[in-house]
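By the count of my numbering, the sequence shown reaches residue 207 at its end, each step adding exactly one. Beta carbons are placed, not taken as given, at the ideal position from N, Cα and C, and that holds for glycine. Below is one structure, written out as structure tokens, with a few remarks after it.
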Amino acid sequence: MNTTVRLAQQPEADELLGRSPLAALIGMLLDQQVPMEWAFTGPYTIATRLGGEDLDAHEIAAQDPEAFAELLSAKPAVHRYPGSMAKRVQQLCQYLVDHYDGDPEALWRDAATGKELLDRLNALPGYGKQKSQIFLALLGKQYGVTPEGWREAAGAYGEVGSYRSVADITGPESLSKVRAFKQEAKRAAKAAKPAKKP
């Protein structure tokens, strides 16, 4: 896996995301309740603090949980909730060790269909349906992982020319479009809620 991505909007972090399947999976895991760039810079910060140039599922899974939580909590913190996210990152890595011998690329290497790959992503700790669909769209649109029916399995996130998620970010301009889409979706959701009775 070696591709050019601009998800973190920071060259070193994006370079790692472009070559490390585990970095991409962890970035996606961290992508909640923080700006996307912050989430996708996280894997690079973790790798640097572990003293390496890449991430290894075996190594992360074997870390002492308290020490790993401290590693993510050090300033600047990797996430708004570094303690709980440290636990999730370790759970994800342990799952990869248990089910894929620590090789994250094995998740999609032999997936025959988009649905099969979506099911595998859904089984990951910390990955719900929406996160799995977004990551599937990211794999298809930017990493060249395109099993049969991947766009359909990714739902609206797989649409050509959409600006719905991190899967569509290729630079600052597309990041602005995705932000605008998300803000509009939030406004629409708020407007759709029934007013509270006094």
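Does chain C have any CB closer than 9 Å to the CB of Y104? This model lacks chain C altogether, as it is built from one protein chain only.
Out of L25, E79, K202 and M37, point me to the one whose CA is closest to Y53's CA. For Y53, the nearest C-alpha among the options comes from L25.
Reduced DSSP secondary structure (H/G/I, E/B, other) of E157: strand
Going by DSSP, what residue range makes up the alpha helix (DSSP H) through V106? P91 to Y109
Segment limits, alpha helix (DSSP H) that includes D128: G123 to N131 is the extent of the alpha helix (DSSP H) around D128.
Who are the Cβ neighbours of R80 in its own chain at under 6 Å, not counting the five residues just before and after it? It is Leu, not Arg, that sits at residue 80 in the sequence shown. If we look at L80 and ignore the five residues flanking it on each side, its Cβ neighbours are R58.
Cutoff 8 Å; reference A162; Cβ partners in own chain excluding five residues on either side: T122, G123, K124, L126, L127, Q142 and L145
When burial is assigned at 16 or more other CB atoms within 10 Å of the CB, is V169 buried or exposed? exposed
Run the CB neighbour count on G36, radius 10 Å, all protein chains shown included, and call it buried at 16 or more, exposed below. buried
Does the distance between the C-beta of Q19 and the nearest non-hydrogen atom of the ligand SAM fall short of 8 Å? This structure lacks the ligand SAM, and indeed carries no ligand of any kind.
Closest by C-alpha distance to P91, when choosing among R97, S82, V98 and Q99: Taking only the C-alpha atoms, the option nearest P91 is S82.
Please list the terminal residues of the continuous alpha helix (DSSP H) segment that includes L81. P74 to S82
If we ignore side chains and look at the alpha-carbon of each, how far apart do V43 and G135 end up? When rounded, the distance between both Cα atoms is 15 Å.
I need the boundaries of the alpha helix (DSSP H) containing L116, first residue and last residue. A115 to R118
Where A48 and A17 are concerned, what is the direct C-alpha to C-alpha distance, given to the nearest angstrom? Near 8 Å, if we compare the C-alpha coordinates of A17 and A48.
As assigned by DSSP and simplified to three states, the class of D23: helix
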